[in-house]
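One structure is given below, encoded as structure tokens.
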Amino acid sequence: MFILDGRGVVRAMTPAAEALVSGGTPLGLRGGRLHAARPDETGRLAEAIRLAVASGGRFSAPQLRTLLVSGPVGLPLVLDVVPLPRRLHGFGHDPRALLVVRGAERNPARARLLLQAAFRLTATGAEVALLLATGLPPEAIAATRSVALGTIRTQIKAIYAKLGVHRQSELVAYVNHLR
73 MFILDGRGVV
83 RAMTPAAEAL
93 VSGGTPLGLR
103 GGRLHAARPD
113 ETGRLAEAIR
123 LAVASGGRFS
133 APQLRTLLVS
143 GPVGLPLVLD
153 VVPLPRRLHG
163 FGHDPRALLV
173 VRGAERNPAR
183 ARLLLQAAFR
193 LTATGAEVAL
203 LLATGLPPEA
213 IAATRSVALG
223 TIRTQIKAIY
233 AKLGVHRQSE
243 LVAYVNHLR
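Sequential numbering of the sequence shown, starting at 73, is according to the working numbering.
Here it is, written out as structure tokens:
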């Protein structure tokens, strides 16, 4: 996972991300910016980052940009670029976008972390969003979590507001895109 500033420069990265860009893989750093092995992929990556940064922290499902770049041994890497809200200023710089690198496989744990980091969902909120995305109705989620249905409905309203969606179908499409 990479955190990018308003100029698209990498300002922080997880140890796994650091290993990825320093391990001779098709994704690397030049002048603090991410680049792919192929120039056309680097251009698409730069454009996705530019659009995320330009969004001004207003995020919604269409602003999540996902692209494929050549990965090791012919397997593609999936890059998700998400705008970060401007209110996150505790890093000593101006974080503006989050870039998550994943393989072609789906990973619910990574989706949960992305929901929490990019949209400031609580761990419970992220879990409820993921359960909704599996098609569970609010009543089943309430029973599974041993809480009142009203509590789940309140959490769903907060999730919708933070993700900028209005219907469960939008939430399902968005969350499934993150996995």
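Don't be surprised by glycine CBs; every beta carbon is placed ideally from N, CA and C.
Fair warning: this is a prediction, and the values are worked out from it, not measured in the lab.
Between residue i and residue j, which are expected to be in contact by the criterion C-beta below 8 angstroms, what is the C-beta distance as a whole number of angstroms?
i: A124; j: A169; result: 4 angstroms
i: V154; j: L140; result: The Cβ separation is near 16 angstroms, so there is no contact.
i: Q240; j: T196; result: Going by Cβ atoms, the distance from Q240 to T196 rounds to 18 angstroms, so no, they are not a contact pair.
Residue i and residue j: beta carbons closer than 8 angstroms?
i: G80; j: R122; result: yes
i: L203; j: F74; result: no
i: K234; j: L193; result: yes
i: V247; j: A190; result: no
i: R182; j: A198; result: no
Excluding five sequence neighbours on each side, which residues of the same chain lie with their C-beta closer than 7 angstroms to the C-beta of residue i?
i: G100; result: V93 and H107
i: E113; result: V141 and S142
i: H238; result: Y232
i: E211; result: L221
i: R86; result: Note that residue 86 corresponds to Thr in the displayed sequence, not to Arg. Excluding sequence neighbours, T86 sits near M73.
Should residue i go down as buried or exposed, given a rule of 16 or more other Cβ atoms within 10 Å for buried?
i: R102; result: exposed
i: A214; result: buried
i: L136; result: buried
Note down, in chain order, each residue of its chain lying with its Cβ closer than 6 angstroms to the Cβ of residue i, except the 5 sequence neighbours on either side.
i: A109; result: P98 and S142
i: A39; result: A query on residue 39 cannot be resolved here, the shown segment of the chain reaching from 73 to 251 and no further.
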